[in-house]
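Chemist: Quick note: to get the numbering used here, add 625 to the position in the sequence shown (first position is 1). Don't be surprised by glycine CBs; every beta carbon is placed ideally from N, CA and C. This is the structure I have questions about; it appears just below.
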Amino acid sequence: MLRSYSRLFQRYPTIFTLTRLPTARLQTCHFSISSTCPTEGLRDFGLPNATWGPNLRNLYDKFLDLTNTGLWRRIPSHNTTVNHLEGIGKRMFLRNIDEDGVGFEYCMFYNKAESRMVCLFQPGPYLEGPPGYAHGGSIATIIDSTAGAGAVYTCGSVMTANLNINYLKPIPLGCTLLVDSYVEKIEGRKVYSRCHIQSHDALILHTEAMALYIKLG
Ligand SMILES: CCCCCCCC(=O)SCCNC(=O)CCNC(=O)[C@H](O)C(C)(C)COP(=O)(O)OP(=O)(O)OC[C@H]1O[C@@H](n2cnc3c(N)ncnc32)[C@H](O)[C@@H]1OP(=O)(O)O
């Protein structure tokens, strides 16, 4: 399995820093993969829209200011990086909802010097688990996506091998959260990351997590 991944990675290095699919699936389902990240004609979802609450907008503006220091950069967020099954459309898991604000509403910023990826996140009503609160699986998803993207930007292509989460306080739908992750250490192919989710004002610690990513290629 790993050898075939490596061959694909050599052939499609750019796309495989973001998306990795098993060879067999690519063949049987007639997926096609571009040799570069095709962003032309795609919408960048990591930009403010009308559904963003004031807290999300304020945090976004603060991080955007930080990009002027050169230490932080905004990470664009397109709805796809591959061409999927014909007629089914192309959607990245977190961006698979047409309406703004109802699902994963988020943007990310990366600090290379600190190997740190921050996600500003506003969970929409489609992520409901307990009434009025975010589903634990959706919380795991945004943690893995944030820490995973941080690992990718720090080390190149990775896959998640282990994710440990402590859910400390429930997350109300519609609130603004700061998902903060960093690569703690790298041992050979193993990339250890930490992540926590706090309220926009840093008064509530909602979630803590540790993740292990394995470098590929
Ligand atoms: C922008 C992009 C954001 C991306 C975020 C989203 C990421 C994802 O969702 S990835 C999808 C979910 N993850 C998966 O499906 C992964 C499934 N698992 C696998 O494919 C493989 O097990 C994989 C690739 C992780 C590791 O396999 P392989 O490359 O053969 O590595 P392997 O030789 O077994 O292990 C390498 C090292 O990691 C260690 N290791 C592997 N898995 C684990 C684990 N679960 N726990 C602890 N250690 C582990 C091994 O012990 C070994 O350590 P050492 O080098 O010290 O001997």
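1) Closer than 7 angstroms by C-beta to residue 681: which residues in its own chain qualify, once you throw out the five before and the five after it? Chain order, please.
2) If I measure Cβ to Cβ from residue 717 and keep anything under 6 angstroms in the same chain, skipping five residues before and after, which residues do I get?
3) Could you tell me the boundaries of the beta strand (DSSP E) in which residue 783 lies?
4) Could you check if residue 787 belongs to the surroundings of ligand 3, using beta carbon to heavy atom distance under 8 angstroms?
5) Is residue 784 near ligand 1, judged by its Cβ being under 8 angstroms from some heavy atom?
6) Answer yes if the region 736 to 745 comes into contact with the region 717 to 727, meaning at least three C-beta pairs across the two stretches below 8 angstroms, and no otherwise.
7) Does ligand 1 have even one heavy atom less than 8 angstroms from the beta-carbon of residue 802?
8) Does the Cβ-Cβ distance between residue 840 and residue 815 come in under 9 angstroms?
9) Find the nearest neighbour of residue 820 within the set 768, 799, 813, 828, judged by alpha-carbon distance.
10) Flag this pair as touching only if the region 754 to 762 and the region 785 to 799 have three or more C-beta atom pairs under 8 angstroms; answer yes or no.
11) Determine the extent of the alpha helix (DSSP H) in which residue 797 is found, giving its start and end residues.
12) Take residue 817 as the anchor and find which of 786, 805, 700 has the nearest alpha-carbon.
13) Using a threshold of 8 angstroms, is the CB atom of residue 769 nearer than that to any non-hydrogen atom of ligand 1?
14) Could you give the distance in angstroms between the alpha-carbon of residue 851 and the alpha-carbon of residue 667?
Modeler: Reading it off the structure:
1) Indexing the sequence shown from 1 puts residue 681 at position 56. Cβ within range, chain order: 745, 747, 801.
2) As a position in the sequence shown, residue 717 is number 92, starting the count at 1. So the qualifying residues of the chain are 704, 705.
3) For the purposes of this step, residue 783 is taken as residue 158 along the sequence shown, with counting starting at 1. 783 to 792 is the span of the beta strand (DSSP E), which, as asked, contains residue 783.
4) This structure lacks ligand 3; its bound ligands are ligand 1.
5) For the purposes of this step, residue 784 is taken as the residue at position 159 of the sequence shown. Yes; taking the cut-off as 8 angstroms, the Cβ of residue 784 has a heavy atom of ligand 1 nearer than that.
6) no
7) On the sequence shown, residue 802 is found 177 positions in, with the first residue counted as 1. No, since every heavy atom of ligand 1 falls outside the 8 angstroms radius drawn around the Cβ of residue 802.
8) By 1-based counting over the sequence shown, the position of residue 840 is 215. By 1-based counting over the sequence shown, the position of residue 815 is 190. Going by C-beta atoms, residue 840 is nearer than 9 angstroms to residue 815.
9) Here residue 820 corresponds to residue number 195 of the sequence shown, with the count starting at 1. Among 768, 799, 813, 828, the Cα nearest to that of residue 820 is on 768.
10) yes
11) Position 172 of the sequence shown, counted from the start, is the residue given in the question as residue 797. Careful: residue 797 lies outside any alpha helix (DSSP H) and carries neither H nor E.
12) Here the question's residue 817 lines up with position 192 in the sequence shown. Selected option, being the one with the closest Cα: 786.
13) Counted from its first residue, the sequence shown places residue 769 at position 144. Under cutoff, so the answer is yes.
14) What is shown of the chain runs 626 to 842, which leaves residue 851 out entirely.
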